[in-house]
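> Chains as they are written, first to last, in this note's numbering: chain A, 2 to 388; chain B, 37 to 425. Using N, Cα and C, we set each Cβ at its ideal position, and we do this for glycine too.
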């Protein structure tokens with residue numbers, strides 16, 4: 002890395018106090034060393050979304066997932082226990098299982114080594130003729146797994162707190178906000194490939210940009226009040242935006258998508274779990290979007306949005322909600338991120354100022370600081386002196 | 037950027053050993069570590085005999101071919117004196133690539149400033165040289181490398197102190213020519229190129245038949261298979277022969293399910309298949325059926341990618357329907373099966389839960405034993421680490 006990319010503006014730097022803090026330095030968004038640090042200290046040490054419990058109901062049900070270059074297998078055993086493993090045969094490192102389904106034995110396609118749902122190696126061809134070979138030396142390598150509401154998470158690090166200790170309360174918030182939470186099913190997955198560093202997606206956890214990027218939802222005669230109320234916990238937060246009653250009742254303004262004056266969900270809620278997962282419940286019939294973001298190199302990320310709805314078939318206004326999000330709202334946000342990614346390389350830009358006010362108003366960027374501070378500390382520990 | 041120490045995982049109990057019967061596989065990081073790749077370049081690709089082309093393209097004075105060995109450019113040319121010479125294919129003025137493709141030339145003129153070399157590598161003309169103080173044409177001879185012909189092929193070696201290819205693997209050439217019927221009459225038919233998303237070593241780790249019944253269920257292990265479960269390896273220091281016996285009973289009785297349509301009678305028919313491996317990166321294969329052979333040549337195109345080039349040779353020009361079926365079968369079916377498993381290994385070995393496995397080598401060195409893989413891995417290990425285990 003060239004030393005010039007290490008230059009930090011002399012007057013402003015990232016600070017643990019949000020009111021005094023700069024943004025993260027520009028090079029944090031394209032530097033290969035930062036990316037490697039993030040891999041080791043964030044991706045391989047935090048709880049990562051792996052899939053949905055609806056795919057893991059019965060003994061033998063399994064799902065597979067990628068976490069950057071790490072392959073994961075989650076399986077429900079005959080004993081009903083959920084286990085997760087590196088999805089790789091212990092012989093020559095070949096990928097063990099693909100996709101999802103139900104299996105009582107996982108057989109490697111390469112040389113047919115066979116493992117049961119507890120990860121024990123049950124058979125290896127020719128093993129009886131190989132000196133000192135013991136099946137029990139080749140148990141699949143296990144990783145931590147936990148269920149949270151309708152989801153399954155894994156953590157590659159054996160250390161650290163349980164997910165339920167970090168954000169167990171989020172599920173009761175889902176239930177309080179989304180009346181038919183237990184009826185939700187994944188109606189559709191939308192995928193986006195974005196030319197931006199993954200952190201830019203979470204830096205948008207502020208509404209300073211809303212009237213500018215999304216004039217149709219916040220601004221004069223728009224359906225949302227200027228509001229963005231953040232309740233922050235250590236590793237997750239809730240963000241609430243309130244509806245404008247006059248617009249919703251039809252007295253003035255336009256609705257961006259179809260909903261009525263009194264819906265199951267009336268105030269839009271956003272939840273974030275560190276580092277890379279967002280949930281959104283939009284105004285309308287019971288709904289919940291999972292927005293899951295993973296890097297694909299330092300300057301690209303992949304986002305999957307799973308659109309959970311309660312009605313099957315869905316109501317027309319629910320479809321209008323998820324199509325509006327896919328076709329209008331997301332392109333506005335993602336377009337800004339791609340433009341930022343291009344700009345952050347400029348040699349005349351080092352880092353900017355996070356616009357945090359004392360009142361923590363709807364325009365204040367303290368939500369961005371929360372995320373950036375956890376990134377900073379994952380990379381630098383509690384050292385705020387150097388970049 | 038080097039891998040962090042945390043990425044260089046080793047198995048707590050197993051380790052790579054010179055004794056095949058006790059050895060682990062190579063550590064997983066060997067397949068994605070930039071430092072290992074750099075060592076391989078220096079110690080393997082720039083020090084071993086590397087295939088660069090065929091003698092058929094170098095018959096007459098002035099005939100030349102060009103080739104790449106990773107980032108090194110090579111020119112082989114037959115001189116007026118009928119002697120074959122090989123050079124770095126680069127002008128000694130500013131390092132521009134000198135010649136492209138293949139053809140016939142008496143003078144090689146650099147496209148950049150027109151410096152001109154003859155087929156012995158001598159600089160014959162350089163514009164304005166007479167006005168440049170102390171300039172001597174003789175100071176800018178093309179840089180020569182070792183070249184040797186071997187079984188109709190041309191090999192070069194970038195290491196000037198390397199022993200001759202014939203001293204290392206002369207037996208291979210003899211065996212190959214003796215066992216492939218009418219070898220000298222076989223003519224080039226087709227080249228198939230495979231760009232594979234895996235480290236190049238996975239191609240040669242596949243030199244075992246433990247995987248055959250699983251990855252290629254159609255060729256081995258069924259009542260109507262045309263091959264016996266067999267993989268008899270005769271190993272020498274730097275090459276080996278792998279023999280796969282045909283199921284004669286099935287073939288002669290017409291019961292064998294042949295994957296390609298081939299005559300099974302006559303003097304020119306191979307009823308068994310042979311694979312010869314020459315360290316580090318070429319395989320010569322003669323398949324079951326009317327006399328044939330193919331060269332499979334593999335070069336890294338990066339740390340986690342490689343290119344495999346397959347050249348087919350047959351008795352008939354143009355090839356018969358059966359000969360085309362053979363090529364299509366190996367390209368479209370067998371090769372795809374192997375490539376899928378190699379790419380799925382590349383995706384898997386990054387997993388932090390895997391460090392290295394066990395090479396499944398048995399005492400009898402049966403057809404299922406992975407000692408062929410160990411032979412390759414051991415030479416690899418010693419090239420990277422020396423005799424330090």
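At 3 residues or longer, and completely inside the stretch 83-142 of chain B: list those beta strand (DSSP E) runs for me, N to C.
Entirely contained in the stretch 83-142 of chain B, the beta strand (DSSP E) runs reaching 3 residues are, in chain order, 86-90, 99-105, 108-114, 120-124 and 138-140.
> Please return the same chain residues whose Cβ sits closer than 7 Å to the Cβ of residue 152 of chain A, not counting the five positions on each side in sequence.
In the first chain, counting from the first residue as 1, residue 152 of chain A sits at position 151. Closer than 7 Å at the Cβ level, and outside the excluded window around residue 152 of chain A, lie 50, 53 and 54.
> Using only alpha-carbon positions, find the residue among B/266, B/208 and B/235 that is nearest to residue 247 of chain B.
Counted from its first residue, the second chain places residue 247 of chain B at position 211. The residue with the shortest Cα to Cα distance from residue 247 of chain B is B/266.
> For residue 217 of chain B and residue 297 of chain B, I'd like the C-alpha separation in whole angstroms.
Your numbering for residue 217 of chain B matches position 181 in the second chain. Your numbering for residue 297 of chain B matches position 261 in the second chain. The alpha-carbon atoms of residue 217 of chain B and residue 297 of chain B are separated by roughly 19 Å.
> Using the three-state DSSP reduction, which class does residue 212 of chain B fall into: helix, strand or coil?
Within the second chain, numbered from 1, the residue matching residue 212 of chain B stands at position 176. If DSSP states are grouped into helix, strand and coil, residue 212 of chain B belongs with the helices.
> Alpha carbons only, please: which of A/309, A/198 and A/323 is nearest the one belonging to residue 341 of chain A?
As a working mapping, residue 341 of chain A is identified with position 340 in the first chain. Considering only alpha carbons, the answer is A/198.
> Here's the rule: buried if 16 or more other CB atoms are within 10 angstroms of the residue's CB, otherwise exposed. What is residue 213 of chain A?
For the purposes of this step, residue 213 of chain A is taken as residue 212 along the first chain, with counting starting at 1. So residue 213 of chain A ends up on the exposed side.
> So residue 377 of chain A is in the alpha helix (DSSP H); what residue range does that whole segment cover?
Start at 1 with the first residue of the first chain, and residue 377 of chain A comes out as number 376. First-last of the alpha helix (DSSP H) with residue 377 of chain A: 367-381.
> Run the CB neighbour count on residue 80 of chain B, radius 10 Å, all protein chains shown included, and call it buried at 16 or more, exposed below.
Start at 1 with the first residue of the second chain, and residue 80 of chain B comes out as number 44. Result: buried.
> Using a C-beta to C-beta distance shorter than 7 Å, which residues of chain B count as neighbours of residue 138 of chain A?
The residue you call residue 138 of chain A lines up with position 137 of the first chain. Going along chain B in sequence order, the residues near residue 138 of chain A (Cβ under 7 Å) are 49.
> Tell me whether the beta-carbon of residue 156 of chain B lies closer than 8 Å to the beta-carbon of residue 121 of chain B.
In the second chain, residue 156 of chain B corresponds to position 120, counting from 1. In the second chain, residue 121 of chain B corresponds to position 85, counting from 1. Yes; because the gap between Cβ atoms is below 8 Å, this pair is in contact.
> Give a yes or no on whether the minimum CB-CB distance between residue 251 of chain B and chain A is below 8 Å.
Numbered from its first residue, the second chain carries residue 251 of chain B at position 215. Cβ-Cβ to chain A under 8 Å: yes for residue 251 of chain B.
> My parser needs the beta strand (DSSP E) runs of 3 or more residues fully inside the stretch 98-162 of chain A; what are they?
Correct list: 101-103, 106-108, 115-117, 122-124, 143-149 and 152-156.
> Between which residues of its own chain and residue 55 of chain B is the CB-CB distance below 7 Å, once the five residues before and five after are set aside?
Within the second chain, the letter at position 19 stands for residue 55 of chain B. Once the five neighbours on either side are set aside, residue 55 of chain B has no close Cβ partner at all.
> Any idea if residue 183 of chain A is buried or exposed, counting beta-carbon neighbours within 10 angstroms, 16 or more meaning buried?
What you label residue 183 of chain A is simply residue 182 of the first chain in a count that begins at 1. Per the 10 Å Cβ criterion, exposed.
> Residue 157 of chain A and residue 376 of chain A look like a contact to me (Cβ under 8 Å); what is the Cβ gap, rounded to whole Å?
On the first chain, position 156 is the one that residue 157 of chain A refers to. On the first chain, position 375 is the one that residue 376 of chain A refers to. About 18 Å separates the two Cβ atoms, so there is no contact after all.
> Check residue 359 of chain B in the structure and name its three-state DSSP category.
The residue labelled residue 359 of chain B in the question sits at position 323 within the second chain. Note: residue 359 of chain B maps to helix in three-state DSSP.
> With distances taken between CB atoms, is the gap from residue 299 of chain A to residue 32 of chain A smaller than 8 Å?
Residue numbering aside, residue 299 of chain A sits at position 298 when the first chain is read from its first letter. Residue numbering aside, residue 32 of chain A sits at position 31 when the first chain is read from its first letter. Taking 8 Å as the Cβ cut-off, residue 299 of chain A and residue 32 of chain A qualify as a contacting pair.
> Could you tell me the boundaries of the alpha helix (DSSP H) in which residue 176 of chain A lies?
Here residue 176 of chain A is taken as the residue at index 175 of the first chain, counted from 1. Per DSSP, residue 176 of chain A belongs to the alpha helix (DSSP H) from 171-178.
> Just the chain B side, please: which residues come within less than 7 Å of residue 113 of chain A by C-beta, in chain order?
In the first chain, the residue the question calls residue 113 of chain A occupies position 112. Per Cβ cutoff of 7 Å: 250.
> Closest by CA to residue 211 of chain A, which one among A/302, A/122 and A/229?
Numbered from 1 along the first chain, position 210 holds the residue referred to as residue 211 of chain A. Among A/302, A/122 and A/229, the Cα nearest to that of residue 211 of chain A is on A/229.
> Taking 6 Å as the limit between beta carbons, can you name the residues of its chain near residue 170 of chain A, skipping five residues before and five after?
Working through the first chain from its first residue, we reach residue 170 of chain A at position 169. Around residue 170 of chain A: no qualifying Cβ.
> If the cut is a Cβ gap below 7 Å, which residues of chain B does residue 376 of chain A touch?
Your numbering for residue 376 of chain A matches position 375 in the first chain. By Cβ distance, chain B contributes nothing, its closest Cβ being about 19 Å from residue 376 of chain A, past 7 Å.
> Between A/146, A/331 and A/236, which has its C-alpha nearest residue 218 of chain A's C-alpha?
Numbered from its first residue, the first chain carries residue 218 of chain A at position 217. Looking at the Cα atoms, A/331 is the closest of the given residues.
> Below 8 Å CB to CB, which residues in the same chain sit around residue 222 of chain B once its five sequence neighbours on both sides are set aside?
As a first step, residue 222 of chain B is located in the second chain; it is residue number 186 there, counting from the start. Cβ within range, chain order: 216, 327, 328, 329, 349, 350 and 351.
> In the structure shown, what three-state DSSP assignment does residue 288 of chain A receive?
If you number the first chain from 1, residue 288 of chain A lands on position 287. Strand, per DSSP.
> Using a cut-off of 7 Å between C-beta atoms, extract the partners of residue 390 of chain B located in chain A.
Here residue 390 of chain B refers to the residue found at position 354 of the second chain. Correct list: 87, 89, 91, 94 and 142.
> Chain B beta carbons: is any one of them nearer than 8 Å to that of residue 41 of chain A?
As a position in the first chain, residue 41 of chain A is number 40, starting the count at 1. By this cut-off, residue 41 of chain A is an interface position.
> Would you kindly work out how many angstroms separate the C-alpha atoms of residue 215 of chain A and residue 333 of chain A, rounded to a whole number?
To locate residue 215 of chain A, count along the first chain from 1; it is residue 214. To locate residue 333 of chain A, count along the first chain from 1; it is residue 332. Roughly 7 Å between the two C-alpha positions.
> Excluding the five sequence neighbours on either side, which residues of its own chain have a C-beta within less than 6 Å of the C-beta of residue 342 of chain B, listed in chain order?
Here residue 342 of chain B refers to the residue found at position 306 when the second chain is read from its first residue. Answer for residue 342 of chain B: 232, 236, 334 and 336, listed in chain order.
> Hey, could you find the ends of the beta strand (DSSP E) residue 336 of chain B is sitting in?
By 1-based counting over the second chain, the position of residue 336 of chain B is 300. Taken as a continuous stretch (DSSP letters only), the beta strand (DSSP E) holding residue 336 of chain B covers 328-336.
> Let me see if you follow: with CB-CB separation under 8 Å, is residue 152 of chain B close to chain A or not?
Here residue 152 of chain B is taken as the residue at index 116 of the second chain, counted from 1. Closer than 8 Å: no.
> By Cβ distance, which residues of its chain are closer than 8 Å to residue 165 of chain A, with the 5 residues on each side in sequence left out?
Taking the first chain and counting its residues from 1, one reaches residue 165 of chain A at position 164. Excluding sequence neighbours, residue 165 of chain A sits near 147 and 149.
> Tell me, please, whether the CB atom of residue 266 of chain B is closer than 8 Å to any CB atom in chain D?
No chain D is part of this structure, whose protein chains are labelled A and B.
> Out of B/59, B/73 and B/58, state which residue places its alpha-carbon closest to the alpha-carbon of residue 65 of chain B.
By one-based count along the second chain, residue 65 of chain B stands at place 29. Answer by Cα proximity: B/73.
> Looking at the secondary structure, which residues open and close the beta strand (DSSP E) in which residue 190 of chain A lies?
By one-based count along the first chain, residue 190 of chain A stands at place 189. First-last of the beta strand (DSSP E) with residue 190 of chain A: 186-195.
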